[in-house]
Amino acid sequence: MKKNNFIICRCEDISWQDIDGLIRKGFTLEEIKKLTRCGMGYCQGRTCFNILTRLLKIREQNLIPKKRPPLKPVIIRDIIKYFENEE
Ligand code: FES
Numbered sequence: 001m002k003k004n005n006f007i008i009c010r011c012e013d014i015s016w017q018d019i020d021g022l023i024r025k026g027f028t029l030e031e032i033k034k035l036t037r038c039g040m041g042y043c044q045g046r047t048c049f050n051i052l053t054r055l056l057k058i059r060e061q062n063l064i065p066k067k068r069p070p071l072k073p074v075i076i077r078d079i080i081k082y083f084e085n086e087e
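When we follow this note's numbering, the leftmost residue of the sequence shown carries the number 1, and every step to the right adds one.
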């Protein structure tokens, strides 16, 4: 493994080199997410988001990703219960 080729998103097997290459080609963060599915796998960004954010800050990129809900999986039954109790 090369020095800068460490894995950022292990569930989609995306390395820093993959992300860095896309940044250099001018892709936006949203495009990078759609192309690589980084942050959209099993962890839903809970692991890779922090790594990606730190690396982008180091690179002084203005591409800091924003977290969007849900931050953790929600059981549909709990959502239904929530709305049933609201009525
Ligand atoms: S490690 Fe793959 S989505 Fe976070």
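We put the CB at the ideal spot given by N, CA and C, even for glycine.
Pair within 9 Å by beta-carbon distance, residue i and residue j
{"i": "M40", "j": "E12", "result": "yes"}
{"i": "I19", "j": "C38", "result": "yes"}
Unbroken alpha helix (DSSP H) run spanning residue i, endpoints
{"i": "I32", "result": "L29 to T36"}
{"i": "R77", "result": "I76 to E86"}
Residue i, buried or exposed, once every other Cβ within 10 Å from all chains shown has been counted against 16
{"i": "L71", "result": "exposed"}
{"i": "I76", "result": "exposed"}
{"i": "I8", "result": "buried"}
Identity of the residues DSSP links to residue i by a beta bridge
{"i": "C9", "result": "I14"}
Backbone CA spacing between residue i and residue j [nearest angstrom]
{"i": "G21", "j": "P73", "result": "31 Å"}
{"i": "Q113", "j": "P69", "result": "Outside the modelled stretch of the chain, which goes from 1 to 87, sits residue 113, for which no answer is possible."}
{"i": "D78", "j": "C48", "result": "27 Å"}
{"i": "N5", "j": "L52", "result": "13 Å"}
{"i": "L35", "j": "R24", "result": "15 Å"}
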